[in-house]
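Here's the structure we're looking at; comments come further down.
Following this line, the structure appears as C-alpha cells:
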C-alpha cells in the first residue's frame with residue numbers, strides 16, 4: 001500500500017476532515033484580465049448606448065439577410081441555406097458573381113434588413129462567418145469550423161417556425177459581453193416556448209460551440225433533448241467598428257495568438 005493512501009485512511013479513521021481534491025481544468029485555472037471585467041452598472045450604461053440598444057430598449061425585431069462569397073460552392077450554399085432556418089426572420093439569397101459586397105449591403109439597407117450574415121469559403125468549404133449590424137456596423141468576423149448540417153446528425157429533429165429560447169454560456173469578459181450582444185440581437189426577444197426549441201452558444205476557451213435542440217416530453221415529468229442542427233463552432237478573429245464594406249473601418253478587436261495562452265482567454 002502506498003504511504004499516502006495509508007496516511008489518508010488513518011486520518012479518516014481518526015475522524016479528521018480530509019481535503020476534497022478538485023479536478024484541475026483549463027477553465028478552473030483560467031486567469032482573468034481585470035481590464036476585461038466590469039461591474040453591472042458599467043455594463044448597463046454601455047448597453048443603453050451601444051449599436052444594439054434598439055433591439056433591447058425599443059424591442060426592434062431583427063430582419064436578417066444571409067449571403068455568401070462570390071462563386072461559392074455547394075457546401076457553402078447548403079450551410080447558408082440552413083442558417084436561414086436557424087435564425088428567425090432570416091432570408092438566404094445567392095450572391096451573383098458580379099455583385100460587390102458594398103452593393104449587397106446597400107440593397108439590404110434599402111430593404112430594411114437589420115443584419116447581414118456573409119459565409120465565406122476556402123478550398124470549396126465554408127470557413128468564415130461575418131455578422132454585420134446594418135446600416136453602420138459593427139461587424140464581427142468568426143472562423144468557422146466543425147460544421148454538421150441537420151441531415152448529417154444522427155436521429156435529428158425537425159425545426160418549427162417558433163422563436164427559440166436563447167442560451168448563452170460563459171461570456172464573462174467585456175469582450176465576451178460584446179460578442180453576446182451580437183448573438184442576442186439576431187433573435188426576437190419573445191421566445192415561443194410552445195415550440196420547445198432552444199439555441200445554445202457555449203463559449204469554452206474562446207471556441208463558441210453552437211447547437212440547436214428541441215425538448216421532447218415523453219411523459220408528464222421527464223423530458224429529453226433532440227438535436228435539430230446545424231451545429232458549428234466559431235472563433236472570433238476581428239470586430240470592426242463599422243460595416244464590413246467600408247475599406248477603412250477601424251478595428252475594435254483583433255485576435256492575436258501571442259496574447260492568448262493556456263490559462264488566459266479573451267471571451
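Residue numbers (UniProt numbering): 1 to 267.
Every residue, glycine too, gets a C-beta built ideally from N, C-alpha and C.
Does residue i come out as helix, strand or coil in the three-state DSSP assignment?
i, result
"residue 42", "helix"
"residue 56", "helix"
"residue 248", "coil"
"residue 235", "strand"
"residue 264", "strand"
Grab the span of the beta strand (DSSP E) containing residue i for me, first residue to last.
i, result
"residue 125", "125-133"
"residue 146", "139-148"
"residue 90", "90-92"
Could you spell out where the alpha helix (DSSP H) holding residue i opens and where it closes?
i, result
"residue 78", "74-86"
"residue 252", "Here residue 252 belongs to no alpha helix (DSSP H); instead the beta strand (DSSP E) covers 251-254."
"residue 119", "That residue, residue 119, is in no alpha helix (DSSP H); its beta strand (DSSP E) goes 115-122."
"residue 63", "First-last for residue 63: undefined, no H or E at that position."
"residue 106", "101-110"
Quick one: what's got a C-beta closer than 8 Å to residue i's C-beta in the same chain, skipping five residues either side?
i, result
"residue 207", "233, 234 and 235"
"residue 133", "51, 52, 114, 115, 139, 182, 185 and 243"
"residue 165", "191, 193, 197, 198 and 199"
"residue 149", "78, 79, 82, 229 and 230"
"residue 249", "137, 139, 240, 241, 242 and 243"
"residue 112", "63"
In chain order, what residues of the same chain lie with their CB nearer than 7 Å to the CB of residue i, ignoring the 5 residues before and after it?
i, result
"residue 84", "66, 90, 91 and 92"
"residue 59", "189"
"residue 180", "168 and 171"
"residue 43", "177"
"residue 47", "53 and 56"
"residue 71", "97"
"residue 219", "none"
"residue 147", "79, 126, 230 and 232"
Assuming residue i and residue j make a contact with CB atoms under 8 Å, what is their CB distance in whole Å?
i, j, result
"residue 241", "residue 252", "5 Å"
"residue 171", "residue 267", "6 Å"
"residue 119", "residue 79", "6 Å"
"residue 238", "residue 254", "5 Å"
"residue 95", "residue 68", "6 Å"
"residue 157", "residue 211", "Between residue 211 and residue 157 the Cβ distance is about 12 Å, and since that is not below 8 Å, they are no contact."
"residue 109", "residue 135", "4 Å"
Which residues in the same chain as residue i place their Cβ atom closer than 6 Å to its Cβ, once the five residues preceding and following it in sequence are excluded?
i, result
"residue 209", "202 and 233"
"residue 145", "233"
"residue 195", "160 and 162"
"residue 153", "227 and 229"
"residue 87", "64 and 186"
"residue 125", "75"
"residue 224", "216"
Of all the CB atoms in chain D, is at least one closer than 7 Å to the CB of residue i?
i, result
"residue 85", "You won't find chain D in this structure, because it holds only one protein chain."
* Jot down the residue ranges of each uninterrupted alpha helix (DSSP H) in the stretch 169-229, minimum 4 residues, whole runs only, in chain order. => 174-184
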